[in-house]
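Notes follow the structure.
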Amino acid sequence: MPIPSNDFGGAVSVSTTGATGDASITDANAIDLGTSTVGNDLVVVATAGGDITNTGGSLTVTGDSSFTVDDGQSISVDDAANEFTGAVAFAASTGQLNNVTVVDTTALELQDGLDVGGALTVTAAGISQAGAIDVTGASSFTATDDSAIDLTNGA
Numbered sequence: 002m003p004i005p006s007n008d009f010g011g012a013v014s015v016s017t018t019g020a021t022g023d024a025s026i027t028d029a030n031a032i033d034l035g036t037s038t039v040g041n042d043l044v045v046v047a048t049a050g051g052d053i054t055n056t057g058g059s060l061t062v063t064g065d066s067s068f069t070v071d072d073g074q075s076i077s078v079d080d081a082a083n084e085f086t087g088a089v090a091f092a093a094s095t096g097q098l099n100n101v102t103v104v105d106t107t108a109l110e111l112q113d114g115l116d117v118g119g120a121l122t123v124t125a126a127g128i129s130q131a132g133a134i135d136v137t138g139a140s141s142f143t144a145t146d147d148s149a150i151d152l153t154n155g156a
């Protein structure tokens, strides 16, 4: 669905199966993700000043997940049952993200180059980083299930 003129009003849910079951969603503005199961990779893009939210239900993604918004917008994928198995990336198409909130029932590695102008809030069963993270506002990290937080790879 990589057509920038899509305009979804309510929660958007997708379901794919298998190792090639990718899902790509582009919305002309904000997008709210509903309960979704993706067999491989998930790509979500909100254009024209819209945020990405996840109030419609949990996201289960077996492959990698990528969330992209315009400069100054926010990404909040914070359903308590979200399960991101692969790499998870948050980006602004240009400039800087406003706020990022993510909840993952599995271990989460924050990508190199994450640039947040507002707040970064992360809850996961283990938190690490692939490289430098730049957060102008407040940062909050919560590890669940007796897991660790390792934010020592700022190179």
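At position 6 of the sequence shown (counting the first as 1) the number is 7 in our numbering, and the numbers step up by one without a gap. Where is the CB? At the ideal position from N, CA and C, for every residue including glycine.
Problem set entry | Segments of 3+ residues assigned as beta strand (DSSP E) that fall wholly inside the region 63-133 | 66-70, 76-78, 89-93, 101-105, 109-111, 115-117, 121-125, 128-130
For this session: Taking 8 Å as the cut-off, decide whether the C-beta atoms of L111 and Q97 are in contact.
Result: Contact: no.
For this session: If I'm right that D52 touches I26 with Cβ under 8 Å, what's the distance once you round it to whole angstroms?
Result: At roughly 14 Å, the Cβ-Cβ gap does not stay under 8 Å, so D52 and I26 are not in contact.
Exercise. Quick one: what does DSSP say M2 is sitting in, helix, strand or coil?
Worked result: Low confidence applies to M2: its pLDDT is 47, below 50, so where it sits in the model is not reliable, and the reading given next is rough at best. Reduced to three states, the DSSP call for M2 is coil.
Problem set entry | For G51, the residue or residues it bridges with in DSSP | None, per the DSSP bridge assignment.
For this session: Would you kindly work out how many angstroms separate the C-alpha atoms of G22 and G40, rounded to a whole number?
Result: 5 Å
Problem set entry | Where D42 sits in the DSSP three-state scheme | coil
Exercise. By DSSP, does V13 sit in helix, in strand, or in coil?
Worked result: strand
Problem set entry | Best match in T137, V78, L109, L121 for proximity to S59 [C-alpha to C-alpha] | V78
For this session: Note down, in chain order, each residue of its chain lying with its Cβ closer than 6 Å to the Cβ of S66, except the 5 sequence neighbours on either side.
Result: L43, F85, V89
Exercise. For T137, which residues from the same chain have a beta carbon less than 6 Å from its beta carbon, with the 5 sequence-adjacent residues on both sides left out?
Worked result: G118
Exercise. Does DSSP put D8 in a helix, a strand or coil?
Worked result: coil
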